[in-house]
Amino acid sequence: MLLVCHAELNAVLNKNSADVKNCTIYVAMFPCNECAKVIVQSGIREVVYASDKNSHKQEYTASRRLLEMAGVKLTSVHQL
31 MLLVCHAELN AVLNKNSADV KNCTIYVAMF PCNECAKVIV QSGIREVVYA SDKNSHKQEY
91 TASRRLLEMA GVKLTSVHQL
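Position 76 (the sequence shown) corresponds to 106 in the working numbering; numbering is contiguous.
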């Protein structure tokens, strides 16, 4: 049972502005499919991530596909 929310959801819910539309979110791990939904719905335009170690898992493949279809830019810190 999941007892806490992921960092991405926490960041969107506890933002210090009216909205996060067109913002960039910086995360340690590539977002899961549930967080990807929140990112797309909140209007975030770029995800910068440090690790994609779970890319082989189905929920992360789905997440990447969803973010790409929504036009969210995906950037690894290793690309910076």
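All C-beta atoms, glycine included, are put in the ideal place defined by N, C-alpha and C.
- A direct Cα-to-Cα measurement between S93 and P61 gives close to 7 Å.
- Contact annotation: L104 and V70 have beta-carbon atoms that are not nearer than 8 Å.
- Looking only at S72, E98 and S106, the smallest Cα-Cα distance to K83 is reached by S106.
- Boundaries of the beta strand (DSSP E) around L104: K103 to S106.
- Taking Y56 as reference, the option from A37, E98 and M99 with the minimal CA-CA separation is A37.
- Shown here, V77 sits in a strand according to DSSP, grouped into three states.
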